Amino acid sequence: MHPAASKALFEEDAQHLSAALAARRGWTLHAVAYPLIDCSFSAPGRTTLRLKLACDDWNDLPPSIGLLAADGAPLTALPHNPTGVFNGGPHPLTNRPFVCMRGAREYHTHPSHVVDSWESLKNLTNYSLGGILTQLWHAWQKGSG
Amino acid sequence: MTDHSQEEAKRRELSVEVSVSTTAGFFPTEGFNHVPASQAVQVDLEKAKHALHIKDTTNWIATVAGPSGKRVIDPSKTYAENGLSGKVEIDWGPSEGGGG
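Protein chains in written order, with this note's numbering: chain A, 1 to 145; chain B, 1001 to 1100.
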């Protein structure tokens, strides 16, 4: 996709990732600027999880999602989570823990899931940038630590 | 207390103030809507879906903040049946997809 078209799609999708939404959800939006979304999830009694979504070539490609500690350091181990969405890996391409959920580039490039096409998802509401972030937030909320 | 203020107090007791947040925006855009506590939550979610031009809400869940964290509410039930009163901030969005 042409970078200008990708940027326009990104900005349309990300326009409602607002300070008001972040305040209500316990998110911190460190950056929302093409091609990056840098967002932390926090809640009382929980260790903050920070996610960095690299949205280059959005939405021909799903975002590549980095799992980080609050300070931005890459996570080397994951807190307990029963959903299977956060996978200790290592991912064969990144050699790191990764998001194993439809809508994450690391899922669709994993040898176990390459037949699960992003193409069939990319225009669905649940796989907008906000939809993917919300799914990840709900998954994180089911965990502990 | 006058009849008028008694009526107002009763009206407040029987109504809730509702705001729905999604990644497509807030409904209403600012502030809260006053709705009967006896109304199903789904009514306002449908209004939000229409107003915010949300195409598909399959697998979406509605949550509210409680003393012990977020809890999922049942949109087919009323606000009162969901144990909600006063100012109600509903967060609405897709549940996580399968992983692993």
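All C-beta atoms, glycine included, are put in the ideal place defined by N, C-alpha and C.
Values in this document were obtained by computation on a predicted structure and should not be read as measured data.
Give the DSSP bridge partners of residue i, in chain order.
i, result
"B/Pro1036", "B/Ser1015"
"B/Thr1022", "B/Gly1025"
Please report the residue range of the alpha helix (DSSP H) in which residue i lies.
i, result
"A/Glu228", "There is no way to answer for residue 228 of chain A, as the model of chain A reaches only from 1 to 145."
"A/His147", "For chain A, the structure presents residues 1 to 145; residue 147 of chain A sits outside this window and is missing."
Could you spell out the range, first to last residue, of the beta strand (DSSP E) harbouring residue i?
i, result
"B/Pro1094", "1086 to 1094"
"A/His30", "27 to 33"
"A/Asp13", "Note, A/Asp13: premise wrong, no beta strand (DSSP E); alpha helix (DSSP H) at 3 to 14."
"A/Ala54", "49 to 54"
"A/Ser18", "Where A/Ser18 is concerned, there is no enclosing beta strand (DSSP E), given that its DSSP letter is neither H nor E."
"A/Leu36", "36 to 41"
Where residue i and residue j are concerned, what is the direct C-alpha to C-alpha distance, given to the nearest angstrom?
i, j, result
"A/Gly66", "A/Pro92", "14 Å"
"B/His1034", "A/Trp140", "32 Å"
"B/Glu1017", "A/Leu51", "33 Å"
"A/Glu11", "B/Gly1069", "31 Å"
"A/Trp219", "A/Thr48", "Past the edges of chain A, shown from 1 to 145, lies residue 219 of chain A, and the structure says nothing about it."
"B/Ser1021", "B/Ala1062", "10 Å"
"A/Leu53", "A/Gly72", "13 Å"
"A/Lys142", "A/Lys7", "32 Å"
"B/Lys1049", "B/Ala1024", "9 Å"
"A/Asn87", "A/Tyr107", "10 Å"
"A/His231", "B/Asp1074", "Because chain A here runs from 1 to 145, residue 231 of chain A falls outside it and cannot be looked at."
"A/Ile132", "B/Ser1005", "47 Å"
"A/Ser45", "B/Asp1003", "It is Gly, not Ser, that sits at residue 45 of chain A in the sequence shown. C-alpha separation (whole angstroms): 47 Å."
"B/Leu1014", "B/Val1043", "17 Å"
"B/Ile1090", "A/Asp57", "33 Å"
"B/Glu1096", "B/Lys1047", "23 Å"
"B/Leu1084", "B/Val1072", "12 Å"
"A/Gly130", "B/Thr1058", "15 Å"
"A/Leu61", "A/Cys55", "8 Å"
"A/Gly145", "A/Ala43", "10 Å"
Consider the C-beta atom of residue i and the heavy atoms of the ligand HEM; say whether any pair is separated by less than 7 Å.
i, result
"B/Arg1071", "Among the ligands in the structure shown, none appear at all, so the ligand HEM cannot be discussed."
Determine, using beta-carbon pairs with one atom in the stretch 93 to 104 of chain A and one in the stretch 135 to 142 of chain A, whether at least three such pairs fall under 8 Å. yes
Which ranges does the beta strand (DSSP E) cover as unbroken runs of at least 3 residues, wholly within the stretch 57 to 120 of chain A, from first to last along the chain? 64 to 68
At least 3 beta-carbon pairs within less than 8 Å: the stretch 5 to 21 of chain A vs the stretch 73 to 80 of chain A: no
Report the start-end ranges of each alpha helix (DSSP H) in the stretch 1026 to 1082 of chain B that is 4 residues or longer and not cut off at the edges. 1041 to 1051
Is it true that the stretch 110 to 123 of chain A meets the stretch 1020 to 1031 of chain B, where meeting means three or more beta-carbon pairs spaced less than 8 Å apart? no
Give a yes or no on contact between the stretch 30 to 40 of chain A and the stretch 1033 to 1049 of chain B, applying the rule of three or more CB pairs nearer than 8 Å. no
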